[in-house]
Amino acid sequence: GVDKKILVIPGDGIGQEVTAWGQKVLETIAVNYKHNFVFEEGIMGHVAIEATGTPLPDETLEKARKSDAILFGAIGHAKYDNDPTLKVRPEQGLLKIRKELGLYANLRPIKLFDELLEASSIKPEILRGADILFFRELTGDVYFGEKKRSEDRNTASDLMIYHRYEVERIARKAYEAARSRRKKLCSVDKANVLESSRLWREVVQELAKEYSDVETEHMFIDNAAMQLVKDPKRFDVVLTANLFGDILTDEASQIAGSMGMLASASIGDSVGFYEPIHGSAHDIAGKGIANPLASILSAALMLDISFGLKNESLRVIKAVEATLKQGYRTMDIANKHTENHYVMGTDAMGAKVLENLN
Ligand code: NAD
Ligand code: IPM
Ligand code: MN
2 GVDKKILVIP GDGIGQEVTA WGQKVLETIA VNYKHNFVFE EGIMGHVAIE
52 ATGTPLPDET LEKARKSDAI LFGAIGHAKY DNDPTLKVRP EQGLLKIRKE
102 LGLYANLRPI KLFDELLEAS SIKPEILRGA DILFFRELTG DVYFGEKKRS
152 EDRNTASDLM IYHRYEVERI ARKAYEAARS RRKKLCSVDK ANVLESSRLW
202 REVVQELAKE YSDVETEHMF IDNAAMQLVK DPKRFDVVLT ANLFGDILTD
252 EASQIAGSMG MLASASIGDS VGFYEPIHGS AHDIAGKGIA NPLASILSAA
302 LMLDISFGLK NESLRVIKAV EATLKQGYRT MDIANKHTEN HYVMGTDAMG
352 AKVLENLN
C-alpha cells in the first residue's frame with residue numbers, strides 16, 4: 002500500500018456535510034486496499050474568519066503545502082452575499098489557496114450516469130452519451146487582475162488580464178488530455194471583443210499546430226453556452242478561461258443531472274486540490290439533504306490523479322453507479338415520475354455508497 006497525508010478542509014454550509022463522506026470513502030478505500038491515509042483538518046472560509054479573523058489562516062496554508070492532496074468542501078455565508086461592503090470575505094480564502102499552491106488547471110469532468118438520464122431538465126435523447134472534460138483556467142483572468150474603486154465609490158473595475166505563459170500551460174494540459182480521449186478540443190473565448198481573448202486564441206492556434214492529431218475548434222462563449230444544452234455530445238475537451246469556465250460548468254451540471262454530481266480536480270505546480278464545483282448552498286445547509294456524491298467523486302479524482310490509484314478510483318465510481326442503480330437518490334436527483342426511487346438525506350446516501358464499496 003501507499004502512505005499519503007490528506008488535508009481535509011470542509012469549509013462552510015453543506016461543505017461540512019458532504020466532505021465528511023468524501024473522507025469516509027477515502028478511509029474505506031485505505032482499509033480495503035491496505036493503504037495508509039493520514040488525515041489532518043484545516044479551516045477556511047467563514048468558519049476561519051470567525052475563529053481567526055482571516056479566511057485562510059497561515060496554519061491551513063502550511064498544512065496544505067505539507068500534504069499529498071487536499072479534499073475541500075465549499076465556502077461562503079449569506080452574511081457576506083447580502084453585504085457587498087464587507088472587506089474580509091470567505092471566497093478570498095479559496096482564491097488565495099489556489100494562487101498560493103499554483104493550482105492553475107481546474108478539471109471538471111461532466112459525466113452523465115445512465116441512471117440519471119431522467120434527473121436533468123434536458124431531454125434524455127439529447128443527453129445520452131454526453132462526456133465532457135472542462136479545463137478551466139484557475140489562477141488568472143478578471144479574478145486576479147487589479148480591482149479598483151474610485152474615491153467617491155461610484156466607479157469600479159476588475160482587470161481582465163492573461164499572460165501568454167498562463168494560457169500556454171493550461172492549453173498543453175488540455176491537449177494532452179484530449180489525446181487520451183476523443184481527440185477533440187474546443188477552446189472557448191470572446192476573441193471578437195476582448196484583447197485578453199485574442200491573446201488566448203493566438204496561443205491556442207499556435208499549439209494546435211503542435212497537437213495536429215487533435216481537432217481544434219474555437220468558439221465564442223455566448224455560442225458555447227447555447228451549444229452546451231443544444232448538443233452536449235459535440236464536446237470532448239473544453240478549454241476556457243477562469244470566469245467563462247466558472248459559468249459554463251454550473252450550466253453543464255445540468256448535463257450530469259445536478260450541481261450535487263460535479264467533482265473537480267485543481268492541479269498545477271505541486272499538490273492536488275479536490276472539490277465539488279458547488280458552493281455552500283445556504284438554501285439547504287444544515288438540513289442534511291445535500292447530495293454527497295460530488296465530494297465522493299472528488300475523492301475518486303484524488304485517488305486517480307494525485308495517487309495514481311486507478312483501480313481504487315474506479316471502485317469508487319462503480320460504488321456510486323451501483324447506489325444509483327439501486328434507486329437511492331438525494332432530493333436534487335430524484336425523479337418524481339419514477340417509482341422504485343428511495344429519496345434520502347446526505348448521511349443515508351453516503352452510507353449506501355460505503356456499503357457498495359465493501
Ligand atoms: P451553490 O452552488 O452553493 O448552490 C446553487 C444551487 O445548487 C442551490 O440551489 C443549492 O441548493 C444547489 N446545490 C448545490 N450543491 C448541492 C448539493 N451537493 N446537493 C444538492 N443541491 C445542491 O451556489 P450559490 O447559491 O450561488 O452560492 C452559495 C454560496 O456558496 C455563496 O456564498 C458563494 O460565494 C459560495 N460558493 C462557493 C463555492 C466554493 O466553495 N467552491 C462555489 C460556488 C459558490
Ligand atoms: C467555484 C466558485 C468560486 C469561483 C468562488 C466561490 C470564488 O464559484 O469554485 O466555482 O468562482 O471560482
Ligand atoms: Mn463556481
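In the UniProt record's numbering, the protein residues as written are 2 to 359.
We treat Cβ as the ideally placed atom computed from N, Cα and C, and that holds for glycine.
C-beta contact flag for residue i and residue j at 8 Å
i, j, result
"G258", "L113", "yes"
"A192", "F136", "no"
"V89", "I123", "no"
"G23", "I297", "yes"
"K5", "F308", "yes"
"D214", "K184", "yes"
"A286", "I7", "no"
"residue 375", "L358", "In the structure displayed, the chain extends from 2 to 359; residue 375 sits before or after that span and is not available."
"L104", "I268", "yes"
"V317", "A300", "yes"
"I290", "M332", "yes"
"D84", "N243", "no"
Closest residue to residue i among the options (Cα-Cα distance)
i, options, result
"S314", "G46, A264, K288 and F136", "A264"
"F38", "G12, L302, E63 and S68", "S68"
"Y329", "D305, N312, R316 and V354", "V354"
"V48", "A31, Y81, V26 and Y34", "Y81"
"V211", "W201, R235, F221 and A172", "The question names Val, but residue 211 is Glu in the sequence shown. The shortest Cα separation from E211 among W201, R235, F221 and A172 belongs to A172."
"E218", "E167, L229 and L240", "L240"
"D159", "A323, F221 and G146", "G146"
"G261", "T347, A242 and W201", "T347"
"M109", "K311, Y343 and L302", "What sits at residue 109 in the sequence shown is Arg, not Met. Residue L302 is the option with its Cα nearest to R109."
"S181", "R199, R150 and E216", "E216"
Buried or exposed by the 16-neighbour rule on C-beta atoms within 10 Å, applied to residue i
i, result
"P56", "buried"
"Q206", "exposed"
"D190", "buried"
"M227", "exposed"
"R154", "exposed"
"G54", "exposed"
"A120", "buried"
"V238", "buried"
"V194", "exposed"
"R157", "One point to set straight first is that residue 157 is Ala, not Arg, in the sequence displayed. Result: exposed."
Any non-hydrogen atom of ligand 1 closer than 7 Å to residue i Cβ
i, result
"D284", "yes"
"T331", "yes"
"L95", "yes"
"I78", "Note that residue 78 is His in the sequence shown here, rather than Ile. Yes, Cβ of H78 sits closer than 7 Å to a heavy atom of ligand 1."
"S307", "no"
"A257", "no"
"residue 1", "The question about residue 1 has no answer, for the chain in this structure spans 2 to 359."
"D82", "yes"
"V89", "no"
Closer than 7 Å: residue i CB and nearest ligand 2 heavy atom
i, result
"G261", "no"
"E147", "no"
"E207", "no"
"residue 361", "With the chain represented from 2 up to 359, any question about residue 361 goes unanswered, as that position is not in the structure."
"E101", "no"
"E92", "yes"
Heavy atom of ligand 3 within 7 Å of residue i beta-carbon
i, result
"I278", "yes"
"D251", "yes"
"D247", "yes"
Min CB distance residue i to chain B below 8 Å
i, result
"A286", "Note that chain B does not occur in the displayed structure, where there is just one protein chain."
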